[in-house]
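Below is one structure, written out as structure tokens; comments come after it.
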Amino acid sequence: MTEESGFAGTDAPTAWERFWLLLRAPDHAFRGVDRGISWLYPILVVSLLIAGAPHVLHRLHIDEQREGIGRLLDDGLLTEEQAQNAWTRLDEALESRSAGKIAIQMLLAIATQFLIRFVFPAALLLIGVRFVMEGKARFVAVLGALGWASVPAGIRILIRTPFCALQGSLDIYFGPAALPGVDPDTVGGYALTLLDVFDIWILALLITGISSVGGLSRGRAAGLVLPLWLVYSLARIGMKSSPFGAAL
Numbered sequence: 316m317t318e319e320s321g322f323a324g325t326d327a328p329t330a331w332e333r334f335w336l337l338l339r340a341p342d343h344a345f346r347g348v349d350r351g352i353s354w355l356y357p358i359l360v361v362s363l364l365i366a367g368a369p370h371v372l373h374r375l376h377i378d379e380q381r382e383g384i385g386r387l388l389d390d391g392l393l394t395e396e397q398a399q400n401a402w403t404r405l406d407e408a409l410e411s412r413s414a415g416k417i418a419i420q421m422l423l424a425i426a427t428q429f430l431i432r433f434v435f436p437a438a439l440l441l442i443g444v445r446f447v448m449e450g451k452a453r454f455v456a457v458l459g460a461l462g463w464a465s466v467p468a469g470i471r472i473l474i475r476t477p478f479c480a481l482q483g484s485l486d487i488y489f490g491p492a493a494l495p496g497v498d499p500d501t502v503g504g505y506a507l508t509l510l511d512v513f514d515i516w517i518l519a520l521l522i523t524g525i526s527s528v529g530g531l532s533r534g535r536a537a538g539l540v541l542p543l544w545l546v547y548s549l550a551r552i553g554m555k556s557s558p559f560g561a562a563l
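Going by my numbering, the first residue of the sequence shown is number 316, and it counts up by one from there.
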């Protein structure tokens, strides 16, 4: 380990050192990622931020959902009565917020993020590493690599949330979707939102992490990660292009 990487010898870095290594020397950031509970820290923090941000911007999310219901009504996918009932439920949700309800919603959101964003993808990656690429890795190591590679998602939330609050809009992007004339409500515009610089950063870190914990070359790790990301992205675009995609 070089001095530049922030620590020396064979010891795994602390959580704080690992965070800075992601920024300065990502090749070293995944060393010993399955030791102790190091893998758990980024998963909890990122899940908490993802679960908490909608509550900070609750009114903006309600407004966006109202607009989505309006588009479904305009497209003839909802009747006037169905749309009115949906709007009424949104108004009730806005008025009946309480600390207890928010806490329960956040706990459910964190549990959902843990399973859908981390555990399930880590299982797919583990299968790919061990049975497709013939590498060697433990599930906890893959889960840890995915967790630490997701740190940019948390950084994006910390940057994006204040901007959304100040501008009164959820349409804040860090990629080609921010270009003038791009409409994120269209299928093409929505596809551009998936090319966010933070998502590209996550992909780069994940390729590095899978290469490290799986004993694979960077190219072989990319050959595993990128097709899975492409399938995931196409599924999201497919949902957006579905009859009810206007509500997404």
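For each residue, glycine too, the CB sits at the ideal point set by N, CA and C.
In three-state DSSP terms, what is residue i?
i, result
"Ser465", "coil"
"Asp511", "coil"
"Thr329", "coil"
"Asp486", "coil"
"Pro495", "coil"
"Thr394", "coil"
"Glu379", "helix"
"Glu410", "helix"
"Phe334", "helix"
"Thr523", "helix"
"Gly459", "helix"
"Gly503", "helix"
"Gly321", "Below a pLDDT of 50, predicted positions are generally treated as unreliable, and Gly321, at 39, falls in that range; no measurement from the model is reported."
"Val444", "helix"
"Ala536", "helix"
"Ala366", "helix"
"Leu473", "helix"
"Val360", "helix"
"Phe429", "helix"
"Leu419", "Correcting the residue identity first, residue 419 is Ile in this sequence and not Leu. If DSSP states are grouped into helix, strand and coil, Ile419 belongs with the helices."
"Arg453", "coil"
"Arg350", "coil"
Relative to the alpha-carbon of residue i, which residue among the options has its alpha-carbon at the smallest distance?
i, options, result
"Tyr356", "Arg333, Phe435, Ala550, Asp514", "Arg333"
"Ser551", "Thr523, Ile515, Tyr505", "Going by the sequence as given, residue 551 is Arg instead of Ser. Taking only the C-alpha atoms, the option nearest Arg551 is Tyr505."
"Thr329", "Leu338, Asp342, Arg350, Arg339", "Arg350"
"Ala366", "Leu387, Pro341, Arg432", "Arg432"
"Leu543", "Val528, Leu521, Gly529", "Leu521"
"Ser484", "Asp378, Leu531, Thr523", "Asp378"
"Met278", "Val502, Gly443, Arg453", "Within the shown structure, residues of the chain are numbered from 316 to 563, placing residue 278 beyond reach of any answer."
"Ser556", "Leu387, Ala492, Leu441", "Leu387"
"Arg445", "Ala536, Gln399, Gly415, Leu338", "Ala536"
"Gly538", "His376, Val447, Ala414", "Val447"
"Val338", "Ser413, Ile470, Ile419, Val434", "Note that residue 338 is Leu in the sequence shown, not Val. Considering only alpha carbons, the answer is Ile470."
"Leu409", "Gly415, His376, Leu423", "His376"
Give a yes or no on whether the C-beta atoms belonging to residue i and residue j are separated by under 8 Å.
i, j, result
"Arg472", "Leu364", "The question names Arg, but residue 472 is Ile in the sequence shown. Yes; because the gap between Cβ atoms is below 8 Å, this pair is in contact."
"Leu458", "Trp354", "yes"
"Gly530", "Gly450", "yes"
"Leu441", "Ala452", "yes"
"Ile358", "Gly462", "yes"
"Leu372", "Ile384", "no"
Could you round the C-beta distance between residue i and residue j to whole angstroms and report it? I think they count as a contact, below 8 Å.
i, j, result
"His370", "Ile417", "6 Å"
"Tyr488", "Asp511", "6 Å"
"Ala437", "Phe345", "Actually they do not touch by this definition, with Cβ atoms about 14 Å apart."
"Ala519", "Thr508", "In fact, because the Cβ distance is near 18 Å, the residues do not count as touching under 8 Å."
"Val528", "Val348", "6 Å"
"Gln428", "Ser362", "4 Å"
"Thr523", "Asp406", "Rounded, the Cβ-Cβ distance is 47 Å, inconsistent with contact."
"Trp402", "Arg381", "6 Å"
**Asked** Using 8 Å as the threshold, is the region 451-467 in touch with the region 543-553, meaning 3 or more CB pairs across them?
**Response** no
**Asked** Using 8 Å as the threshold, is the region 474-482 in touch with the region 492-508, meaning 3 or more CB pairs across them?
**Response** no
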